[in-house]
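With the numbering used here, you'll find the sequence shown wraps up at 322, consecutive numbering, no jumps.
Single-structure report; data block below.
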Amino acid sequence: MTGMDRPRRLRRTPALRRLVAETTLEPRHLVLPMFVADGLTEPSEIGSMPGVYQHSMDSLRKAAVEAVAAGVGGLMLFGVPRPEDKDATGSKAIDPDGILNRGLRALADEVGDATVIMADTCLDEFTDHGHCGVLAGDGSVDNDATLDVYVDMAIAQVEAGAHLLGTSGMMDGQVGAIRAGLDDAGHLDAGILAYAVKYASAFYGPFREAVGSSLQGDRRTYQQDAANRREAIRELELDLAEGADIVMVKPAMSYLDILRDVADRSEVPVAAYQISGEYAMITAAAQRGWIDRRGAVLESLLGIRRAGADIVLTYWATEAAHWLS
Ligand code: PBG
């Protein structure tokens, strides 16, 4: 038949498809979340995240070097304290000798400015109740008291070597408070990667195992409700006004519409976090032979990029970077 539109012409050969590809996926777009656990001498695999480890100080350094050699854009570090070191206010989060700050110093020493070192600036790993903030007398999470702790935590993390602070606690005003606190302490160049939009999600399940979370109940009084879309824009605009350098949407796969909304409006780079449950789902299906692992991973990452993410946090960062280069 003549005179018909034939989009298939541009799909005929790999070279044609490469020529017209609209979205790119490069190692520099990927950030590797890492866990360092206090008291480990060997890395310990996380049961619900096969292939992801709680690191010892030594294995953290090795994995960081490998990630940087593969060309990843950055590293996001989470600390896992000993259970007996947790308390009501998460004081080990501020202690320069707390596991996260020690891990940051090890990363700064090992890879320094060859990559971007990011720290999770949130209390949930360090509190004995597992919440992202400190509690008021009635057991609720006390927003403003938490901000004071976040400021001290942020300063300690910058002094340990973090370039960017990942504010993941979803307290109101956290970006503004941390920005002001860093500036007052003279840390004008430390940046904030704001978890601007973070939903309460069932897909965080494996992460709770990864960090040995003490949480009973849920985070629905501070993380967003999956039903809401407008609210994401409100959260975005607040974080931009408070001085976020990069904004993040989390989780990724179930919130790609939100990611697109944010990318269309943001004046700063946009990140998305492909979270633990997303990793676990693809890994489990691939282990059963139900999907092709590499194809599914790369497609999921490309989809997140296509939806608007400049940067993708993914537990596959190092492996995907190898595939891509
Ligand atoms: C909380 C935090 C969580 C994740 C990152 N930071 C868990 C939560 O909010 O319960 C989840 C990451 C993942 O699931 O991969 N500071």
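Each residue gets a CB set at the ideal place from its N, CA and C atoms; glycine is no exception.
Keep in mind the model is a prediction, meaning the values are calculated, not measured.
Status (buried if at least 16 other CB within 10 Å, exposed otherwise) for residue i
i	result
Ala159	buried
Gln271	buried
Gln154	buried
Glu275	buried
Arg216	buried
Glu19	exposed
Trp287	exposed
Val65	buried
Gln51	buried
Arg14	exposed
Gly109	exposed
Glu42	exposed
Ala12	exposed
8 Å Cβ cutoff met for residue i and residue j
i	j	result
Glu206	Gly100	no
Gln171	Tyr196	no
Pro24	Ala318	yes
Leu22	Leu298	yes
Asp121	Cys129	yes
Met115	Gly163	yes
Gly240	Ile308	no
First and last residue of the uninterrupted alpha helix (DSSP H) at residue i
i	result
Thr(-1)	Where Thr(-1) is concerned, there is no enclosing alpha helix (DSSP H), given that its DSSP letter is neither H nor E.
Ile152	Asn140 to Ala157
Val65	Met54 to Ala67
Phe75	Note, Phe75: premise wrong, no alpha helix (DSSP H); beta strand (DSSP E) at Gly71 to Val77.
Leu162	Careful: Leu162 lies outside any alpha helix (DSSP H), inside the beta strand (DSSP E) at Leu161 to Thr164.
His319	Ala314 to Leu321
Arg5	Arg5 -> no alpha helix (DSSP H), and no H or E assigned at all.
Glu327	In the structure as shown, the chain begins at -2 and stops at 322. Residue 327 is therefore absent and cannot be evaluated.
Local conformation of residue i per DSSP, three classes
i	result
Leu323	No information on residue 323 is available, as it lies outside the stretch -2 to 322 that the chain covers here.
Asp92	coil
Leu37	coil
Leu16	helix
Gln220	coil
Gln171	helix
Glu234	helix
Asp215	coil
Leu132	strand
Delimiting residues of the beta strand (DSSP E) encompassing residue i
i	result
Val194	Gly188 to Lys195
Leu310	Ile308 to Leu310
Sequence ranges, alpha helix (DSSP H) only - wholly within the stretch 238 to 303, length at least 4:
253 to 262, 273 to 284 and 290 to 303
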